[in-house]
Every structure is written in structure tokens, then in C-alpha cells.
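Let me begin by presenting the structure, written as C-alpha cells, before commenting on it.
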Amino acid sequence: GNRGGVQRLTFRNDTACECKTKPKVQKPTCQNSAPSCRCPKHFESVIRSGQCVCDCIPSSASYKACRRYKRGKKFFTQTCLTDGKCTAPTCEYGPYLDSKNRCSRKSEREKK
1 GNRGGVQRLT FRNDTACECK TKPKVQKPTC QNSAPSCRCP KHFESVIRSG
51 QCVCDCIPSS ASYKACRRYK RGKKFFTQTC LTDGKCTAPT CEYGPYLDSK
101 NRCSRKSERE KK
């Protein structure tokens, strides 16, 4: 039959993580095996080749806005980029330009 009562179960935590000290942060944080990054507004974090990158996601509601930033048509105002707390976005035509707070434009693309 069905006995009422309490049954004791033992669980083991097999979560793989390691503690890393972040710059400017006193206490170490436990990082999961999947890398993650903080992205500027409109950009989403994506894992590519085991690295976390910030890019535009077609299914995202902010995809069109994201593409304007990615092409260097809009300026980033987030202090997280200047403070180094956000991962630099993936730009369409070249690197993210810290000094200009925007992505490289098509006209600035490096000629091959």
C-alpha cells in the first residue's frame, strides 16, 4: 500500500565551476562552464566558438535598432562600455571604436 511519511534523499552537486576574481570586485565569483557576457542595449549575448560575443539577433524585438548600432549609424551612450563592464559589440564593418563610442562605419572599413 501507500505509506505516508518522510523519505530522505541525498543529492550531489556536480556543477562544474571555478572561482575567478574580477577586477575592481573584492569577492570571487563562481562562473559556470558556459561563458556569459554583459552586452550594451539592443545587443544579445551569443556563444560563438566557446566565446561570448554581443551581436544582433534577428528574432529580437530590438533587431532593427541593433543593426543601426552595428553599422556605426548610432552612438552608444552606455557607460558600461567605457567602464569596461560590457563586452564590446560585434560590428558590421570593423572594430568598435572606443574613442567615438560607436562601431566602424562602411566608409571606415579597412581596404584589403
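The opening residue of the sequence shown carries number 1 in full-length UniProt numbering; numbering runs sequentially from there. Note that CB positions come from ideal geometry on N, CA and C, so glycine has one too. For clarity, every value in this text was computed on a predicted model and none was experimentally measured.
Go through its chain and collect everything with a Cβ distance to residue i's Cβ below 8 Å, but skip five positions before and after it.
i: residue 30; result: Confidence at residue 30 is low in this model, with a pLDDT of 43, below 50, so its placement is unreliable and the value that follows should be read with caution. Within the same chain, residue 30 has close Cβ partners 17, 18, 19.
i: residue 109; result: 93, 94
Of the choices the options, whose alpha-carbon is the least far from that of residue i?
i: residue 81; options: 55, 40, 108, 50; result: 40
i: residue 60; options: 43, 14, 76; result: 43
i: residue 76; options: 96, 58, 57; result: 96
i: residue 98; options: 107, 12, 78; result: 78
i: residue 105; options: 57, 11, 72; result: 72
Less than 6 Å between C-beta atoms, sequence neighbours within five positions excluded: which residues of the same chain meet that for residue i?
i: residue 53; result: 46, 90
i: residue 55; result: 46, 90
i: residue 67; result: 56
Look at the Cβ atom of residue i, then the Cβ atom of residue j, and state whether they are nearer than 8 Å.
i: residue 85; j: residue 38; result: yes
i: residue 63; j: residue 103; result: no
Could you please give me the residues that DSSP links to residue i through a beta bridge?
i: residue 54; result: 45, 89
i: residue 67; result: According to DSSP, residue 67 bridges with nothing at all.
i: residue 103; result: 96
Counting only beta-carbon atoms, is residue i nearer than 8 Å to chain B?
i: residue 60; result: In the structure shown, chain B cannot be found, because there is only a single protein chain.
Only counting the same chain, and skipping five residues up and downstream in sequence, which positions put a Cβ closer than 7 Å to that of residue i?
i: residue 48; result: none
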